[in-house]
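Here the protein sequences line up with chains A and B, keeping their order. The first sequence begins at 1 in the working numbering and counts up one residue at a time. The second sequence begins at 290 in the working numbering and counts up one residue at a time. Idealized CB from N, CA, C, for every residue including glycine.
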Amino acid sequence: MSKILEVKGLTHTYGGNTPFVNDAVKNVSFDIENGEIIGIIGHTGSGKSTLVQHLNGLLKPTDGNILLEGKDIWDEPKKIREVRSKVGLVFQYPEYQLFEETVYKDIAFGPKNMGLDGDEIDKRVKEIIGLVGIKEEYLERSPFDLSGGEKRRVAIAGVMAMRPKIIVFDEPVAGLDPRGRNDIVKIIKDYRDTYNATVLIISHNMEDMALLADKLVVMNKGNLEMFDTTENVFSNAGKLKSIGLNVPMITEVFFELKKMGLKVPDNILTVESAVDYLLSLKKGGVLNA
Amino acid sequence: MLRDITFGQYFQGNSKVHRLDPRTKLLLLILIIVFIFLTQNMISFLIATVFTACAVIISKVPLRLYLKNLKAILPIIIFTAIINVFYGNEGKVLFSIFRLTVNTGGVYRAVFMALRILLLIVLSSVLTYTTTPNDLTDAIEILLSPLKFIGLKNAVHTLAMMMTIALRFIPTLVEETEKIMNAQKARGADLENGKLTERIKALVPILIPLLISAVRRAYELAEAMECRCYNGGEGRQRMKKLQFTLLDVIAGFVSFLFCGLIILFNVVI
Numbered sequence: 001m002s003k004i005l006e007v008k009g010l011t012h013t014y015g016g017n018t019p020f021v022n023d024a025v026k027n028v029s030f031d032i033e034n035g036e037i038i039g040i041i042g043h044t045g046s047g048k049s050t051l052v053q054h055l056n057g058l059l060k061p062t063d064g065n066i067l068l069e070g071k072d073i074w075d076e077p078k079k080i081r082e083v084r085s086k087v088g089l090v091f092q093y094p095e096y097q098l099f100e101e102t103v104y105k106d107i108a109f110g111p112k113n114m115g116l117d118g119d120e121i122d123k124r125v126k127e128i129i130g131l132v133g134i135k136e137e138y139l140e141r142s143p144f145d146l147s148g149g150e151k152r153r154v155a156i157a158g159v160m161a162m163r164p165k166i167i168v169f170d171e172p173v174a175g176l177d178p179r180g181r182n183d184i185v186k187i188i189k190d191y192r193d194t195y196n197a198t199v200l201i202i203s204h205n206m207e208d209m210a211l212l213a214d215k216l217v218v219m220n221k222g223n224l225e226m227f228d229t230t231e232n233v234f235s236n237a238g239k240l241k242s243i244g245l246n247v248p249m250i251t252e253v254f255f256e257l258k259k260m261g262l263k264v265p266d267n268i269l270t271v272e273s274a275v276d277y278l279l280s281l282k283k284g285g286v287l288n289a
Numbered sequence: 290m291l292r293d294i295t296f297g298q299y300f301q302g303n304s305k306v307h308r309l310d311p312r313t314k315l316l317l318l319i320l321i322i323v324f325i326f327l328t329q330n331m332i333s334f335l336i337a338t339v340f341t342a343c344a345v346i347i348s349k350v351p352l353r354l355y356l357k358n359l360k361a362i363l364p365i366i367i368f369t370a371i372i373n374v375f376y377g378n379e380g381k382v383l384f385s386i387f388r389l390t391v392n393t394g395g396v397y398r399a400v401f402m403a404l405r406i407l408l409l410i411v412l413s414s415v416l417t418y419t420t421t422p423n424d425l426t427d428a429i430e431i432l433l434s435p436l437k438f439i440g441l442k443n444a445v446h447t448l449a450m451m452m453t454i455a456l457r458f459i460p461t462l463v464e465e466t467e468k469i470m471n472a473q474k475a476r477g478a479d480l481e482n483g484k485l486t487e488r489i490k491a492l493v494p495i496l497i498p499l500l501i502s503a504v505r506r507a508y509e510l511a512e513a514m515e516c517r518c519y520n521g522g523e524g525r526q527r528m529k530k531l532q533f534t535l536l537d538v539i540a541g542f543v544s545f546l547f548c549g550l551i552i553l554f555n556v557v558i
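This is the structure in structure tokens:
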């Protein structure tokens, strides 16, 4: 595995030279390996959104660098649009950014901006709707006639059709029902597997994070609080709670059990792993350790 | 970039001008602007300038902000002045270009006109800097309320409510526009480069989502208002009642004095 993205000493200050100076992100550094799924968690206003808007050059760092495949993305400011096709960014509620007359045209907007030819665009659109689960007959419909979940999948497909090496999601499952959530989670995983891509996800849902993420970036008041594997971060429940975040519910249960004096591990992140653990205890007959 | 746009220009403060009743400010502004346009000679202009300067100083709003407003309007002032230079037909002829002659009368005229617009802008800025948009719409609603008697019963309240809502949603829409612009930029939209026609075309992906979200917000707001039993102006009361104070009497007195002086000097000289 190789480093695909390096964030080095990133600092961003809003409103410089005014009385409202505010460091949204302070000296944040971390590296991301190719193919990883990284979760970004933190309180509202902790700098998560500001952080991810630097990764594709929507914001320019006040200080520090972003290296994409070893190259500073601001080396050639004229080529920043190329960076944006390599690092896709799916904003919160992406369905509010749909604008074209048909689903097809909307998904083709990104690839068209990349200057691809018609055949290639056509190929990419057809391929990506298969991945996000939109039927081919929907392509000629207006995106505004679709259901909420379908709209979101079309909007995500619009970014994925550019085939970014890195794709960043800001709260991809906000406001969806459980089935919609599962669909999106599956789409994200499928995209990673199909295109060998790297994924970053901002989310408040710790269960989703436990299921999806290999590593977690924990932001607090603009600082990088932790950057570690999901297991290590969640086993540090005390620290997470001290900055107002939480751990998955099942981890919390085991955290409380431990407090009661039971010898249980603190790396239980999903209900499945909890079940496995409890069954293994039953087999071994040491439930009351 | 977009954040530089200021419509509601209110500048937080507690000066004597801030504390004036918005109705007083609005009415006196109209009165004084009329009289500024009646000024004909140097002395009355001097009085008008001193009066404006006093209003600016008492408002305690930084001079920089007034200059910012003037800068925006500067092309119009210059344009008006240039046009007016050619309209004088008195005094000594200074020079002529083609068939247009410029004489001293024209120069006076141009300077006066430029000065009038300048004072007008500064005085209006005093009003907008020291009055919250909500106070202003309240004042307009009350001042227009006599229209009730000529059959426009609900129109006044509706108009005022529309203004209040429009002002309230400007920052929200600015924020929304920025979000949509970022989202389309993330999809490779090029908003900064290209020919004029290309740039106009590039606005479509921003304007359509913005329009749709504005309509959505309008529906949501209407529903929320209905849920709180809003049914127009009838029987509605205000939380903050506007009240005239001694300050308003003084401001009124000073303004009438100013008007009297302008009349005096225009007639006498």
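Anticipated Cβ contact below 8 Å, residue i with residue j, distance rounded
i	j	result
L309 of chain B	L536 of chain B	6 Å
V247 of chain A	L212 of chain A	Not a contact, Cβ separation roughly 15 Å.
L436 of chain B	A449 of chain B	L436 of chain B to A449 of chain B, Cβ: 11 Å. No contact.
T11 of chain A	N27 of chain A	6 Å
G39 of chain A	V25 of chain A	Not really, about 17 Å apart at Cβ, beyond 8 Å.
R312 of chain B	A428 of chain B	5 Å
T194 of chain A	E140 of chain A	So it is not a contact: roughly 25 Å between Cβ atoms.
Residue-level contact to chain B via CB, residue i, 9 Å cutoff
i	result
N34 of chain A	no
A289 of chain A	Residue confidence for A289 of chain A is low, a pLDDT of 46 falling below 50, so the modelled location carries little weight and cannot support an answer.
L212 of chain A	no
G158 of chain A	yes
N56 of chain A	yes
M114 of chain A	yes
F144 of chain A	yes
L51 of chain A	no
S147 of chain A	no
Y191 of chain A	no
L200 of chain A	no
V21 of chain A	no
G88 of chain A	yes
L224 of chain A	no
R163 of chain A	no
L10 of chain A	no
G261 of chain A	no
Within-9 Å CB hit, residue i to chain A
i	result
Q329 of chain B	no
V504 of chain B	no
A478 of chain B	yes
Q473 of chain B	yes
V493 of chain B	yes
I501 of chain B	yes
K468 of chain B	yes
I497 of chain B	yes
Residues near residue i by beta carbon distance below 8 Å, same chain, minus five either side
i	result
A274 of chain A	I250, V253, F254, I268
K381 of chain B	N392, T393
P300 of chain A	Past the boundaries of the shown model lies residue 300 of chain A; chain A is included only from 1 to 289, so the question cannot be answered.
Neighbourhood of residue i by C-beta, 7 Å cutoff - its chain only, sequence neighbours within 5 removed
i	result
I384 of chain B	Reading off the sequence shown, one finds Phe at residue 384 of chain B, where the question assumed Ile. The answer, listed in chain order, is V391.
Y326 of chain B	Reading off the sequence shown, one finds Phe at residue 326 of chain B, where the question assumed Tyr. The residues are R405.
T486 of chain B	none
Q473 of chain B	P494, I495
Selection from the options that minimises the alpha carbon distance to residue i
i	options	result
G70 of chain A	A:F91, A:N34, A:K48, A:I188	A:N34
G302 of chain B	B:F401, B:L485, B:K349	B:K349
D145 of chain A	A:L58, A:E120, A:E100, A:Y93	A:E100
V134 of chain A	A:A155, A:K112, A:V28, A:D117	Reading off the sequence, residue 134 of chain A comes out as Ile, not Val. I134 of chain A has its Cα closest to that of A:A155, out of A:A155, A:K112, A:V28, A:D117.
H446 of chain B	B:I366, B:N330, B:I431	B:I431
A475 of chain B	A:L10, A:G88, A:W74	A:G88
G483 of chain B	A:F91, A:Y191, A:G284, A:N113	A:N113
G395 of chain B	B:D479, B:V374, B:F547, B:R388	B:V374
L546 of chain B	B:K305, B:L320, B:S413, B:T461	B:L320
S556 of chain B	B:N330, B:K314, B:K305	Contrary to the premise, residue 556 of chain B reads as Val rather than Ser in this sequence. With distances taken between Cα atoms, V556 of chain B lies closest to B:N330.
I80 of chain A	A:L67, A:V264, A:Q92	A:L67
R192 of chain A	A:E36, A:T270, A:Q92	A:E36
6 Å CB neighbourhood of residue i in its chain, flanking five on each side removed
i	result
I187 of chain A	V132
I362 of chain B	I410
S2 of chain A	N34
Residue i to residue j span [Cα, whole Å]
i	j	result
L356 of chain B	G115 of chain A	45 Å
A370 of chain B	F334 of chain B	16 Å
S235 of chain A	M470 of chain B	40 Å
I41 of chain A	K221 of chain A	12 Å
T50 of chain A	L59 of chain A	8 Å
T310 of chain A	F300 of chain B	Lying before the first or after the last residue shown, residue 310 of chain A is absent from chain A, which here runs from 1 to 289.
Q53 of chain A	L98 of chain A	20 Å
L347 of chain B	L318 of chain B	The identity of residue 347 of chain B in the sequence shown is Ile, whereas the question assumes Leu. Computed Cα separation, rounded: 15 Å.
I336 of chain B	V345 of chain B	14 Å
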